[in-house]
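Chemist:
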Amino acid sequence: MPVAGIGDIIGGAHAGVGAFNVIQLEHAEAIVAGAEAAGAPVVLQISQNCVRYHGALAPIALASLAVARAAAVPVAVHLDHATDRELVEEAVALGVGSVMFDASALSDRHNLALTAEVSAWCHERGIWVEAELGEVGGKDGVHAPGARTDPYEAAVYVARTGVDALAVAVGTSHAMTTRDAVLDLVLIAELRAAVPVPLVLHGSSGVPDDTLREAVRHGMKKINIATHLNKVFTRGIRDHLAADDKVVDSRKYLGCGREAIALEVTRLLKVLA
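Heads up, the sequence shown is in the numbering used here, so the first residue is 42 and it goes up one at a time.
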């Protein structure tokens with residue numbers, strides 16, 4: 042199966058689409074296995090932080106693309122939270138079909154101008170573009186649930202930048218290890234009514250299952266989850282090492298982490314369905 046386009050996946054979905062971050066090959070394999078078990082499409086995301094960890098984009102991107110091509114369900118590969126235009130261009134050259142360009146740390150004027158440039162460049166090459174308005178808290182380790190995106194400003198931003206999806210601030214925060222975020226569901230509905238492109242929920246690791254369902258019902262389409270799966274992966278490895286303190290073959294304990302992620306991805310995709 043060819044690598045799916047994220048626009049086709051989101052456009053064809055009647056509910057939420059799960060977008061899960063890849064840290065290493067085991068994550069990509071597990072996410073796809075979980076999606077296959079759920080019979081659902083999925084998005085593999087590679088963040089700029091992940092690229093920094095590996096020291097380069099190509100190894101993890103090409104591995105993720107290979108896993109996506111071999112999948113029995115539609116799988117898109119997406120560059121997440123890229124603040125560097127050169128990284129966007131490299132991802133496109135490697136075959137990544139969609140990017141999230143993040144200029145949210147800049148002033149609104151500079152965010153709009155730079156995002157419009159990147160969006161135009163990507164669209165000339167058939168690449169789907171996500172951006173962010175109203176910075177989602179937590180990228181510096183601080184939980185900032187008070188951040189909010191204004192619906193009118195969001196509509197103007199989308200019109201002027203031409204982006205294909207918009208990440209909005211509605212009460213989530215990146216890197217949460219507890220699932221107790223309180224979302225502004227009324228604001229989500231207002232944003233859905235005002236913004237003509239799919240809405241993206243970043244920081245979804247901190248959102249309880251019932252609230253994720255409500256977020257999708259109120260208008261969220263792409264649901265990004267990273268930290269929660271890292272917790273699941275780590276717990277699977279810890280449990281195996283605690284049960285067998287003589288194990289030295291990394292495939293045995295990494296395999297346990299991979300299996301744990303696959304099961305949780307299947308479960309989460311059913312929550313979003």
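Note that the Cβ used here is the ideal one computed from N, Cα and C, for glycine as well.
(1) Report the CB separation of Lys293 from His281 in whole angstroms; it is logged as a contact under 8 Å.
(2) Following the continuous beta strand (DSSP E) through Glu173, name the residue where it begins and the one where it ends.
(3) Leaving out five residues before and five after Leu174 in sequence, what residues of the same chain have Cβ atoms less than 6 Å from its Cβ?
(4) Please state if the CB of Lys263 and the CB of Val63 are separated by a distance shorter than 9 Å.
(5) If contacts are defined as beta-carbon pairs under 8 Å, then Ala157 and Thr124 qualify, I think. What distance do you get, rounded to the angstrom?
(6) Please look up how many angstroms separate the CB atoms of Ala78 and Ala283, rounded, as I've assumed it's under 8 Å.
(7) Of the residues Ile72, Ala81 and Glu70, which one's Cα is nearest the Cα of Leu313?
(8) With Asp49 and Gln86 assumed to form a contact (beta carbons below 8 Å), what rounded beta-carbon distance in angstroms separates them?
(9) Does the Cβ-Cβ distance between Ala117 and Ala45 come in under 9 Å?
(10) Using the Cβ count rule (16 or more neighbours within 10 Å means buried), how would you classify Val289?
(11) Kindly indicate which residue of Val137, Glu231 and Val248 has the alpha-carbon position closest to the one of Leu103.
(12) If I follow the unbroken alpha helix (DSSP H) through Gly197, where does it start and stop?
(13) Using the rule of at least 16 other Cβ atoms within 10 Å of the residue's Cβ for burial, across every protein chain shown, is Thr275 buried or exposed?
(14) So the candidates are Gly277, Val306 and Trp169; which of them puts its Cα closest to the Cα of Ile47?
(15) Taking the alpha carbon of Ala235 as the point to measure from, which residue in Glu67, Pro192 and Phe61 has its own alpha carbon closest?
(16) In the structure shown, what three-state DSSP assignment does Ile64 receive?
Modeler: Based on what the coordinates show:
(1) 7 Å
(2) Trp169 to Leu174
(3) Thr190, Ala195 and Tyr198
(4) no
(5) The Cβ separation is near 16 Å, so there is no contact.
(6) With 8 Å as the limit, Ala78 and Ala283 do not qualify as a contact, their Cβ atoms being about 26 Å apart.
(7) Ala81
(8) Wrong, their Cβ atoms sit about 17 Å apart, outside the cutoff.
(9) yes
(10) Val289 is classed as exposed because its beta carbon has fewer than 16 other beta carbons within 10 Å across all chains shown.
(11) Val137
(12) Reading the sequence as shown, one finds Val at residue 197 and not Gly. Its alpha helix (DSSP H) spans residues Pro192 to Thr202.
(13) By the Cβ neighbour-count rule, Thr275 is exposed, with fewer than 16 other Cβ atoms within 10 Å of its own.
(14) For Ile47, the nearest C-alpha among the options comes from Trp169.
(15) Pro192
(16) coil
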